[in-house]
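Participant: Just dropping this structure here.
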Amino acid sequence: MSHRACSLILLVGGFLFAACQPASQSSQAVLQCLDFDPAPVELPSGSARIGSDVAYIEEAPARTVQLGGFDIDATEVTNRQFASFVAATEYVTLAEQKPDAVLIPPNAPAYLSHPGAAVFQTPSPQQPSWWAYVPGADWRHPKGPQSSIAGKENFPVVQIAWADALAYAKWAGRRLPSEAEWEYAANAGAKTLYPWGEDQVPNGQYQANTWQGLFPLKDQATDGFGGLAPVGCFQPNAFGLYDMIGNSWEWTTTPYLGSGRGEISNEAIYTVKGGSFLCADNYCRRDRSTARQPQEAGLGSNHIGFRTIGELPQ
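If you count the sequence shown from 1, position 29 lands on 10 in my numbering, and the numbers rise without skipping.
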């Protein structure tokens, strides 16, 4: 069975990996968002502490790894940047392609035969799941055919499958980060719960775009944003990187292993990092650099994006 067919089955069942799993249990001054594309940030080679032995089991073990130097995009890849790639290559994302008929499960709903992707929706009696496969949802129409990215050129591009992110990175002469590289960049040398300290909202100031209120019913948007935000609206970390936490999950090249870290034979599932605007105190506490989630490679959603890295001369 193809990666995408497996993804569609999971979605029909009302489950999407990176929606976050249950977890236990102000005011805001939002910075002016960036109005330019900052240069990638160079990070030197060396040792990095990643993982955690005190949070969720899948974050263990805490360990030290050796990494070569690389540079990393200062922000998530934006709609404007992805549009440049599509204009240059005529690339068609997975969400824009009609699924092969032989890959659609027997007796599956007819709408699964149309191009589309996963979209978060507030649950209702008619739609109890907060994820739905929406025909016509793609990177240009993140919430479905009636939505648009017009005027949102500086927002993270979403509805991007893993292969789409790889294709962009290759075109740009770059690659996707491994989980260890991503986590090293997000931590920025910090040894605290969050890259900015131990408090999620220090002194009442939000440091990332997440969900405030009771998930999945109402995002109170007290951080200034309901849903995705433009890139670079919150303080960068100590390395000068924006939105490593919150806004959109980010793809890595690391296959996912649930209880611990390592390679697995099923490369249809990869690790995403950083949390998203859907991470809430009552449902998702994975808006931390050590947190990790599995995500099917073949299905885009409106809360998963990516950034790229480049090799530094040795």
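Cβ coordinates follow ideal geometry from the N, Cα and C atoms, glycine included.
These figures come from a predicted structure and were not determined experimentally.
For A272 versus I250, is the C-beta distance shorter than 8 Å?
Facilitator: Not a contact, by the Cβ cut-off of 8 Å.
Participant: Less than 8 Å between the beta carbons of N135 and P211, yes or no?
Facilitator: Cβ distance < 8 Å, so N135 and P211 count as in contact.
Participant: Is it the case that the Cβ atoms of R156 and I290 are separated by a distance below 8 Å?
Facilitator: Yes, the pair counts as a contact, with Cβ atoms nearer than the cut-off.
Participant: Any idea which residues DSSP pairs D119 with across the strands?
Facilitator: Note: D119 sits in a beta bridge opposite H122.
Participant: Which residue or residues does DSSP assign as beta-bridge partners of E23?
Facilitator: Note: E23 sits in a beta bridge opposite D52.
Participant: Since Y149 is in the alpha helix (DSSP H), which residue starts that stretch and which ends it?
Facilitator: From DSSP, the alpha helix (DSSP H) with Y149 extends over W143 to W152.
Participant: May I ask you to report which of helix, strand or coil DSSP gives E134?
Facilitator: Note: E134 maps to coil in three-state DSSP.
Participant: Would you be able to state if there are at least three C-beta pairs under 8 Å between the region 13 to 33 and the region 254 to 267?
Facilitator: Contact fails: fewer than three Cβ-Cβ distances are below 8 Å.
Participant: By Cβ distance below 7 Å, which residues in the same chain neighbour F101 in space, the five residues on each side in sequence not counted?
Facilitator: Correct list, in chain order: W111, W112, L259, N283 and H284.
Participant: Taking Cβ positions, are C265 and G256 nearer each other than 8 Å?
Facilitator: Yes, Cβ-Cβ distance for C265 and G256 is below 8 Å.
Participant: Take the Cβ of T59 as the centre, count every other Cβ of all protein chains shown within 10 Å, and call the residue buried at 16 or more, exposed below.
Facilitator: It is buried - the Cβ of T59 has at least 16 other Cβ atoms within 10 Å.
Participant: Would you mind listing the beta strand (DSSP E) stretches within the region 196 to 278 that are 3+ residues and don't spill past its ends, in chain order?
Facilitator: The qualifying runs are 230 to 236, 250 to 254 and 274 to 277.
Participant: In whole angstroms, what is the alpha-carbon distance linking A43 and R61?
Facilitator: If you take the alpha carbons of A43 and R61, they lie about 37 Å apart.
Participant: Contact defined as beta carbons within less than 8 Å: I believe L15 pairs with G286. What is the distance between those atoms, to the nearest angstrom?
Facilitator: At roughly 15 Å, the Cβ-Cβ gap does not stay under 8 Å, so L15 and G286 are not in contact.
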